[in-house]
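Presented below is the structure to which this report refers.
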Amino acid sequence: MASGLMLEETELRLGLPGGGAGELAEVAVIRSSGKRGFLETIDLKLKLQTPVESKESESAEQGNKATDPHEKPPAPKAQAVGWPPVRSFRKNILNVQQQSESKNKEEQSDKAAAAAAAFVKVSMDGAPYLRKVDLKTYKSYQELSTALQKMFSSFATSGNYGSEEGVLRVRDFMNGAGKVTALVINGSEYVTTYEDKDGDWMLVGDVPWEMFVDSCKRLRVMKGSEVVGLAPTAMEKRKNRG
Amino acid sequence: MARVEETGGDREENKEEETSWWSPEAVEGGRVGEGPSRGSRGGRGGDGGRPDTPPPPPYSDQVLENVLENVLQFLVCRRDRNAASLVCRSWYRAEAQTRRELSVGNCYAVSPARVVRRFRCARALVLKGRPRFADFNLFPLGWGARFSPWLAAMATAYPWLERVCLKRMTVSDSDLAFLARSFPSFRDLTLICCDGFGTAGLAVIAVLCRNLRILDLIENDVEDEEEEVIDWISRFPETTTSLESLSFECVNCPVNFSALEALVARSPSLRRLRVNQNVSLGQLRRLMARAPHLTHLGTGSFRPGIAEDLNVADLEQAFVSSKSLICLSGFREVAPEHLPAILPVCANLVSLNLSYAVITAEQLKPVILKCNNLRTFWVLDTVGDEGLLAVAKACKNLHELRVFPFEATEDSEGSVSDVGLVAISNGCRKLQSILFFCQRMTNSAVVAMSKNCQDLVVFRLCIMGRHRPDHITREPMDEGFGAIVMNCKKLTRLAVSGLLTDKVFKYIATHGKSIRTLSVAFAGDSDLSLKYVLEGCHSLQKLEIRDSPFGDVGLLSGIHHYYNMRFLWMSSCMLTLSGCKEVAQKMPNLVVEVIGDRPKDLDSDTVEKLYLYRSLEGPRDDVPLFVNIL
């Protein structure tokens with residue numbers, strides 16, 4: 257894995273707004289030639305780690321855990337949007353291929369299936385068009401929510417985007433189901449729902465993240481007021497099925 | 035440096051750039067509608083150069099123009115026509131009257147109204163919208179490139195329109211319906227990498243376009259709400275159709291198979307059929323039986339459906355009977371044990387697309403070793419270097435190779451490497467176009483290819499892990515790409531990757547004089563790189579850059595050249611608003627778009643995404659909130 261990376265070459269990764277990676281902390285670059293490229297001249301409003309910290313967090317990231325105590329939210333490895341430049345249907349379809357292959361043969365590339373992308377459509381009530389996100393680029397519901405807010409806050413209903421945009425607030429949304437994450441976008445409350453493999457619409461947030469990524473086929477951001485009467489949550493569903 | 039599958043491969047790369055109808059003189063004159071006039075006037079001391087005065091030309095001038103039209107109608111090539119139109123006003127008019135195919139490389143470079151005013155008798159339109167980086171989620175959805183305004187203009191101006199080909203445009207269902215209703219002679223519809231439509235639009239096309247010959251849907255993003263999928267295949271008229279080509283691999287919804295089979299049965303002219311992955315192997319066999327004269331076949335899933343009991347012999351018989359097949363694709367869920375069924379046609383194959391087929395080298399070999407006439411081959415890297423070796427041995431006539439990654443992530447293992455590249459370069463000396471995804475590469479392999487494959491026109495190497503050096507010497511990949519531009523004199527398209535310093539761009543600038551398209555990602559050390567390229571690559575038309583340390587200084591160094599280019603894209607570089615504004619101010623016929631993902635992004639001084647392009651129309655009027663035109 258990542259056989260080409262040597263410790264003396266840490267990689268530059270930029271957190272691209274939109275696409276969904278969110279504004280994650282960066283890792284600075286030191287070229288093997290000894291020149292410092294980006295760091296000296298860059299003036300982006302990104303959190304830049306110093307090379308020392310970045311080495312630590314890089315080796316920590318390799319172990320899939322971000323444990324750098326100096327940073328507030330540990331920074332997962334930033335995936336660049338649209339890189340490598342392979343079109344999304346290719347990424348997704350290979351996932352499908354894997355699934356159909358494994359019907360007959362034993363699975364030799366579980367890792368591959370795990371690493372492949374998971375593009376799902378996201379629709380938001382009132383928005384003029386759909387968007388797509390790759391769920392594999394997020395590691396938690398928090399990240400997904402942040403990304404969704406950013407994505408859809410561009411549909412300015414009130415035009416006051418000089419002000420601070422929607423902040424993620426966890427609210428008790430009593431649907432008989434306990435806490436549900438609600439999004440506040442441009443002052444209105446929205447709830448994220450998803451369609452699972454069985455075709456049922458569920459509230460986002462109940463199941464462990466990985467399970468959600470595997471079962472989610474598409475997302476829908478609905479106005480909070482319309483959520484009453486939604487399908488029971490995943491937990492309840494499982495319980496009912498026995 | 036983004037490489038990705040190009041759609042309709044050869045077709046696209048053969049298109050020439052239109053340069054002369056967009057000349058500086060035209061711009062300064064401000065009235066391209068009438069065309070600039072050049073040195074040589076017509077012998078009659080005619081109308082070249084003078085403002086358009088009303089009195090009709092004398093009789094003999096009119097005759098000359100009629101004669102001219104009759105002659106010019108034989109000119110097909112766009113470049114020739116552009117040149118002819120510049121001779122004088124008379125030729126300009128005659129050419130405009132006789133041009134049948136319009137090709138607009140950037141839908142925002144010119145308005146529909148202007149096009150329609152100049153060319154009165156068009157029968158075909160080729161229109162391109164978004165640039166290629168839009169395929170990789172770098173353009174926010176809703177950015178633009180809508181077909182509607184073009185359609186509206188053409189519906190009145192070109193009632194006899196026959197052919198439309200759109201690439202990276204947004205086409206809605208109602209657009210398709212309007213198209214179907216507006217053009218009674220409509221015959222050919224090709225949509226490549228478009229979005230915005232679904233099966234509803236396809237249904238209207240099927241119903242209303244009675245003379246439809248070509249319906250090619252290639253790598254589009256076809257969206258349907260689940261409940262609203264329409265059985266469009268069954269909407270074709272019950273009578274014999276004139277279909278010659280039907281491609282719907284990208285329309286990923288269930289297919290009414292009996293309707294499809296019946297359609298194929300009543301389409302005697304059908305030569306190209308590419309079905310989606312919901313067609314099973316057994317169903318494919320039936321389709322092939324209905325259409326034994328097919329030349330191009332997209333095989334769908336290539337997997338037996340549930341409860342389908344197929345043996346290879348039966349399937350092989352179907353291929354034996356399809357004596358005209360020269361192009362195979364599909365294999366979307368291939369059951370490898372059935373792949374040998376295609377052996378009977380391998381010797382005749384000119385094009386084979388296995389880029390969705392998860393197969394090993396062992397599974398590939400028996401097939402590829404028979405494909406001795408192959409010119410185009412697309413494959414997944416699961417076949418490994420060993421598979422590529424087999425290709426090199428067998429396919430001596432190979433012109434185009436694309437090796438796609440099974441696992442398209444930065445830290446995947448990668449199954450092909452410099453070893454495979456060298457093998458290909460040794461075996462396939464006639465190679466003209468290559469797209470190669472890998473994780474390990476060496477300079478020496480790339481140098482070897484530059485020496486062995488001197489006919490290379492397109493070289494796109496994607497080392498997926500960012501900033502990866504030569505995996506043996508640990509050096510940057512500068513020398514390899516340098517050798518490519520030095521040795522491959524016909525190179526017009528280049529995509530670079532791996533660890534790259536400013537040096538490689540110096541090489542590109544010095545030797546890449548014919549390069550028209552350059553893709554750069556995660557490369558270079560400083561503005562010098564961009565400066566080299568913009569000052570040295572005189573033929574440069576399209577420059578797409580991402581995540582590279584280029585700033586305003588680099589950007590400004592291209593001011594002398596931007597009018598000669600179709601576009602420049604720069605994302606996640608080091609541009610500032612003031613730099614981009616300066617460009618916009620100095621170049622009034624350039625549209626400079628700053629794109630953010632949120633409207634708020636546009637206030638900051640950092641420019642995350644820049645897209646600039648020449649245009650005769652100034653800022654477009656359909657700008658979404660997250661785009662700022664400077």
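Chains Z and Y, in that order, give the protein sequences. Quick note, the first sequence lines up with residues 257 to 498 if you use the working numbering. Quick note, the second sequence lines up with residues 35 to 664 if you use the working numbering. We treat Cβ as the ideally placed atom computed from N, Cα and C, and that holds for glycine. All of these numbers come straight from a predicted model, not from anything done at the bench.
So, is the C-beta of Pro653(Y) closer than 8 Å to a C-beta in chain Z? Taking 8 Å as the CB threshold, Pro653(Y) stays off the interface with chain Z.
Residue span of the alpha helix (DSSP H) that contains His505(Y), given as start and end: That residue, His505(Y), is in no alpha helix (DSSP H); it is neither H nor E in DSSP.
Any idea what DSSP makes of Asn345(Y), helix, strand or coil? In the structure shown, Asn345(Y) sits in coil (DSSP, three-state: anything other than H, G, I, E or B).
For chain Z, check one thing: does any of its Cβ atoms lie closer than 8 Å to the Cβ of Pro338(Y)? Chain Z, which has no Cβ nearer than 8 Å to the Cβ of Pro338(Y), makes this no.
Just how far apart, CA to CA, sit Leu414(Y) and Val425(Y)? Distance between the alpha carbons of Leu414(Y) and Val425(Y): 13 Å.
Is there a Cβ from chain Y that is less than 8 Å from the Cβ of Trp465(Z)? No, because no Cβ of chain Y sits closer than 8 Å to the Cβ of Trp465(Z).
For Gly382(Z) and chain Y, any beta-carbon pair shorter than 8 Å? So no, Gly382(Z) is outside the interface.
Can you check whether the CB of Pro633(Y) is closer than 8 Å to the CB of Met608(Y)? The Cβ-Cβ distance between Met608(Y) and Pro633(Y) does not fall below 8 Å.
Going by DSSP, name the residue or residues bridged to Gly332(Y). Note: Gly332(Y) sits in a beta bridge opposite Arg308(Y) and Ser363(Y).
Beta strand (DSSP E) runs contained entirely in the region 438-477 of chain Y, provided each spans 3 or more residues: Within the region 438-477 of chain Y, the complete beta strand (DSSP E) runs of at least 3 residues are 467-472.
Just mark His327(Y) as buried or exposed, buried being the case when its beta carbon has 16 or more other beta carbons within 10 Å. The residue is exposed, with fewer than 16 neighbouring Cβ atoms inside 10 Å.
Chain-order list of residues whose beta-carbon lies under 7 Å from that of His433(Y) (same chain, five-residue window excluded): Closer than 7 Å at Cβ, skipping near neighbours: Arg409, Thr410, Lys464, Leu465, Gln466 and Ser467.
Looking at the secondary structure, which residues open and close the alpha helix (DSSP H) in which Thr402(Z) lies? Its alpha helix (DSSP H) spans residues Tyr397 to Phe408.
Please confirm whether Asn460(Y) has its beta-carbon closer than 8 Å to some beta-carbon of chain Z. Chain Z contact via Cβ: absent.
Would Ser356(Y) and Ser335(Y) be called neighbours here (beta carbons separated by less than 8 Å)? Between Ser356(Y) and Ser335(Y), the C-beta gap is not smaller than 8 Å, which leaves the two residues out of contact.
In the structure shown, what three-state DSSP assignment does Val519(Y) receive? If DSSP states are grouped into helix, strand and coil, Val519(Y) belongs with the helices.
Return no unless some Cβ of chain Z is closer than 8 Å to the Cβ of Ala341(Y). False, the Cβ-Cβ gap to chain Z never drops below 8 Å.
Which residue wins for smallest C-alpha separation from Gly588(Y), given the options Ser560(Y), Met599(Y) and Arg580(Y)? If we check each option's Cα against that of Gly588(Y), Ser560(Y) comes out closest.
Looking at chain Z, is there any beta carbon in it that lies within less than 8 Å of the beta carbon of Asn171(Y)? Closer than 8 Å to some Cβ of chain Z, the Cβ of Asn171(Y) qualifies, so yes.
Where DSSP assigns a beta bridge to Leu435(Y), which residues make up the other side? Bridge partners of Leu435(Y): Phe411(Y) and Ile468(Y).
In the DSSP output, which residue or residues are listed as bridge partners for Leu249(Y)? For Leu249(Y), which the question treats as bridged, DSSP gives the partners Leu223(Y) and Leu280(Y).
Paired residues, beta bridge with Asp454(Z) - DSSP: BP columns for Asp454(Z) are empty, so no partner.
Could you compute how far the alpha carbon of Leu373(Y) sits from the alpha carbon of Leu331(Y)? Spanning the two alpha carbons is a distance of roughly 14 Å.
Ala117(Y) versus chain Z: which residues are under 8 Å apart at the beta carbon? Simply none; closest approach about 35 Å.
Under 8 Å: do the region 528-542 of chain Y and the region 489-507 of chain Y share three or more Cβ pairs, one atom per stretch? A contact exists between the region 528-542 of chain Y and the region 489-507 of chain Y.
Can you check whether the CB of Ala293(Y) is closer than 8 Å to the CB of Ser276(Y)? In terms of Cβ geometry, Ser276(Y) and Ala293(Y) do not form a close pair [threshold 8 Å].
Relative to the ligand PLP, is the shortest distance from any of its heavy atoms to the C-beta of Leu383(Y) smaller than 7 Å? The ligand PLP is not part of the structure shown, which contains no ligands of any sort.
Among the residues of its own chain, which have a CB less than 6 Å from the CB of Ala395(Y), if the five just before and after it don't count? Around Ala395(Y): Val417, Gly418, Glu420 and Gly421.
What are the residues of the region 407-434 of chain Y that lie near chain Z, defined by any Cβ-Cβ distance shorter than 7 Å? Residues: none.
In terms of DSSP beta bridges, what is Asn104(Y) paired with? Paired residue(s): none; Asn104(Y) is not in a bridge.
How would you list, in chain order, the residues of chain Y whose beta-carbon sits under 8 Å from the beta-carbon of Lys347(Z)? Simply Ala442.
For Tyr597(Y), name the three-state secondary structure that DSSP assigns. Tyr597(Y) falls in the helix class under three-state DSSP.
Can you name, in chain order, every residue of its own chain whose Cβ lies under 7 Å from the Cβ of Asp489(Y), other than the five neighbours on each side? Sequence-distant Cβ neighbours of Asp489(Y) in its own chain, meaning closer than 7 Å and more than five residues away, are Lys464, Leu465, Gln466 and Lys524.
Interface flag, Ala336(Z) vs chain Y, CB-CB below 8 Å: The beta carbon of Ala336(Z) sits closer than 8 Å to some beta carbon of chain Y.
DSSP on Gly585(Y), reduced to helix/strand/coil? DSSP places Gly585(Y) in strand when its eight states are reduced to three.
Step through the CB atoms of chain Z and report whether any lies within less than 8 Å of the CB of Gly83(Y). Residue placement at Gly83(Y) is poorly supported in this model, since its pLDDT is 43, which falls under 50; the coordinates are not used for a value here.
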